[in-house]
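Report on the following structure.
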Amino acid sequence: MSTLMRTLRNLRRDFAHQMAHIGDTKAGTLIGMDKYGNKYFENLAEELPLRTRWVDYKDHEFDPSQIEPGWHAWMSYMVDKSPVQDKLLQRQIRIWEPTEHRPTLTWSRSGYKPYNTVKSKYSAWAPVVKPRQ
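Residue numbering for the sequence shown follows the numbering used here, beginning at 132 and increasing consecutively.
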């Protein structure tokens, strides 16, 4: 959470949006945007180490899979240069890749469920209770 002084200092910035979407007030330099419209920021001055980079998702219902691979490498401190500065991290669209984003369907009805043909080695135990007399 942010400190009171940092919150008061960041009131003039996009305070309501940050509190609604990020849950914290942050001020930093806009590094770049990706093709989904997400904005990437960095603040090296007043943040804790390894908490200096963050993303402001375009949609309120965000999915972390919307971060492109180059931006993910920059966000997780694997590389020092952002995809704006490094040509190798920029995403090139290949002919076999989908043009639109496909959300991660884990824990939904459409999620992948493997089919198993092997009998389970153990079964659930159901206790039998004697009726009271």
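From the three backbone atoms N, C-alpha and C, an ideal C-beta is built for every residue, glycine too.
Everything numeric in this text was worked out from a predicted model, so none of it was measured.
query: Strictly by DSSP, which residues pair up with Arg184?; result: Glu173
query: For the beta strand (DSSP E) holding Met164, just list the boundary residues, first then last.; result: Thr160 to Met164
query: Residues in its own chain within less than 6 angstroms of Met132 by CB, not counting five upstream and five downstream?; result: Legend: pLDDT at Met132 = 47, less than 50; position of this residue unreliable, value from coordinates given subsequently. Taken in chain order, the list of residues that qualify is empty.
query: Just reading off the alpha helix (DSSP H) that Trp205 is part of, what are its end residues?; result: Pro200 to Met206
query: Is the stretch 213–232 in contact with the stretch 195–204, if contact means three or more CB pairs nearer than 8 angstroms?; result: yes
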